[in-house]
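Student: Got a structure for you, written out below as structure tokens; questions coming shortly.
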Amino acid sequence: LAKTTQPISMDSYEGQEVNITCSHNNIATNDYITWYQQFPSQGPRFIIQGYKTKVTNEVASLFIPADRKSSTLSLPRVSLSDTAVYYCLVGEDSGNTPLVFGKGTRLSVIA
Amino acid sequence: GAGVSQSPSNKVTEKGKDVELRCDPISGHTALYWYRQSLGQGLEFLIYFQGNSAPDKSGLPSDRFSAERTGGSVSTLTIQRTQQEDSAVYLCASKHGTGLNTEAFFGQGTRLTVV
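Protein chains in written order, with the working numbering: chain Y, 154 to 264; chain X, 19 to 133.
Written out as structure tokens, the structure reads:
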């Protein structure tokens, strides 16, 4: 899987928009970009996935520039319950390639 | 079942004892992963099963760790002669298919404490 780099931690106040950027300079043509969210004492859960341009669902938006060397997860109007670790994964495991998580970004939302 | 089920949810064991952790993946999911997460740390990959292929054991930290997946479904992670540094949450995930463009579903984990 392509190596990813993301900030270790971020703080935000409630109601603000939070943007977490992930760098993946070695992304390959067939790679997808996937984000997972992990709340304390729980396993990670899938948030959003994209290949290019913009993807939006009920939880977040994912912005991917044309060169695909980075991506930005955007959380609109965060609340305290959005406090979690956010992981960016890039890759296309067509063979026996494991799903490898980096250290993620720890988002703390403050009232 | 509706999701990935792991048992037990908590396990306290004495140093030197063997433990078995169980994972019931979502029915029909061909891929199964085990991870270890120490307090405040990221997910450490342990082992990956994909269909009938030989498992990827590259993440197992020592020969005290082993895992099986019977009949392409239930998986058991075994830790022999447990050490205090083995204390962590052990997470299992399953996924349909091989591509990253499918979602992995995680269980709630087993919290292992070695005393």
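Just so it is clear, CB atoms sit at the ideal spot from N, CA and C, and this is done for glycine as well.
Using three-state DSSP, classify Y:E170 as helix, strand or coil.
Tutor: Of the three classes helix, strand and coil, the one that applies to Y:E170 here is coil, per DSSP.
Student: Cβ closer than 9 Å: which chain Y residues qualify as neighbours of X:F63?
Tutor: P251, L252, V253, F254, listed in chain order.
Student: Would you report the Cα separation of Y:R259 and X:S71, rounded to the nearest angstrom?
Tutor: Taking the straight line from one Cα to the other gives about 35 Å.
Student: For Y:L260, which beta-bridge partners are listed by DSSP?
Tutor: Y:M163, Y:A237.
Student: Taking a contact to mean a Cβ-Cβ separation below 7 Å, would you say Y:V262 touches Y:L233 in this structure?
Tutor: Yes, the Cβ-Cβ distance between Y:V262 and Y:L233 is below 7 Å.
Student: Under 9 Å, CB to CB, which of the residues in the region 65-90 of chain X have a partner in chain Y?
Tutor: For the region 65-90 of chain X, which is checked against every Cβ of chain Y, the residues closer than 9 Å are I65, Y66, Q68, S71, A72, P73, D74, S76, G77.
Student: Does the distance from the CB of X:V132 to the CB of X:D104 come in under 7 Å?
Tutor: It is a contact, given that the beta carbons lie within the stated cut-off.
Student: Roughly how many angstroms lie between the CA atoms of X:Q55 and Y:G168, to the nearest whole one?
Tutor: Near 31 Å, if we compare the C-alpha coordinates of Y:G168 and X:Q55.
Student: Under 7 Å, Cβ to Cβ, is there at least one residue of chain Y near X:L39?
Tutor: Not an interface residue.
Student: Taking the CB atoms as reference points, tell me whether Y:Y239 and Y:G255 lie closer together than 7 Å.
Tutor: Cβ atoms of Y:Y239 and Y:G255: not closer than 7 Å.
Student: Would you say Y:F192 lies against chain X (beta-carbon separation less than 7 Å)?
Tutor: No, no contact with chain X.
Student: Note down, in chain order, each residue of its chain lying with its Cβ closer than 7 Å to the Cβ of Y:T236, except the 5 sequence neighbours on either side.
Tutor: Hits under 7 Å: L260, S261, V262.
Student: Below 8 Å on the Cβ atoms is my contact criterion, and I expect X:G90 with X:S23 to pass it. Report the Cβ-Cβ distance as a whole number of Å.
Tutor: Wrong, their Cβ atoms sit about 16 Å apart, outside the cutoff.
Student: Determine, using beta carbons only, whether X:G60 comes closer than 7 Å to chain Y.
Tutor: True, the Cβ-Cβ gap to chain Y drops below 7 Å.
Student: Assuming contact is defined by CB atoms lying nearer than 7 Å, are X:T128 and X:L39 in contact in what I supplied?
Tutor: In this structure, X:L39 lies closer than 7 Å to X:T128 by Cβ.
Student: Report back the beta-carbon spacing between Y:K222 and Y:I180 to the nearest angstrom; my notes put them in contact at under 8 Å.
Tutor: Indeed they touch by this definition, with Cβ atoms about 6 Å apart.
Student: Can the beta-carbon of X:L64 be found closer than 7 Å to that of X:L50?
Tutor: Against a cut-off of 7 Å, the Cβ pair of X:L50 and X:L64 comes out as no contact.
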